[in-house]
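This note's numbering runs 22 ahead of the 1-based position in the sequence shown. Ideal Cβ positions, reconstructed from N, Cα and C, are used throughout, including at glycine.
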Amino acid sequence: MGTVLVVDDDDDIRDLIVVALSRHGFEVRSFADPLSALAFATTTRCDAAVLDWSMPTMDGGELCTRLRELSDLREAPIVILTAHADSATRDQAFAAGATRYITKPFSLKHLAAVMEELLAPSR
């Protein structure tokens, strides 16, 4: 189905996302640190990304912007997961290049369905 880059500094949430997406057939590469994820993405093809918004060293918006500079991720789906439900953060996420914006708490089933939709072969 595709390789999904997952970046979230919360180990429990990241692990749940990895399990859920893996069960739906995605190859998942996960990172707690945005800088490590960015370094990985510069050398390895990724078809999509799921990013937390609030992380140390770099927030999800900055990471999204930097991932959009990479040829593999320039047009790829990027989903932002966040506890911030305010319109200002949502607007920032889309301005940074996010494809979708999902607020926490979220359903793992919903996230998997969104990723399946975004990475469907017909896209």
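| Item | Value |
| --- | --- |
| Coarse secondary structure for PHE62, derived from DSSP in three states | helix |
| For MET111, three-class secondary structure by DSSP | Looking at the sequence shown, residue 111 is not Met but Thr. THR111: helix per DSSP, three-state reduction. |
| Neighbourhood of VAL40 by C-beta distance below 7 Å, restricted to the same chain and skipping five residues each side | VAL28, VAL50, SER52 |
| Start-to-end residues for the beta strand (DSSP E) that takes in GLU49 | 49 to 53 |
| Endpoints, beta strand (DSSP E) assigned at LEU27 | 25 to 29 |
| Rounded Cβ spacing between LEU141 and PRO99 (contact assumed at less than 8 Å) | 7 Å |
| Helix, strand or coil at ALA118 according to DSSP, with G and I counted as helix | helix |
| Distance between PHE116 and CYS86 (C-alpha atoms, nearest Å) | 9 Å |
| CA-to-CA distance, GLY82 to ASP30, given in whole angstroms | 9 Å |
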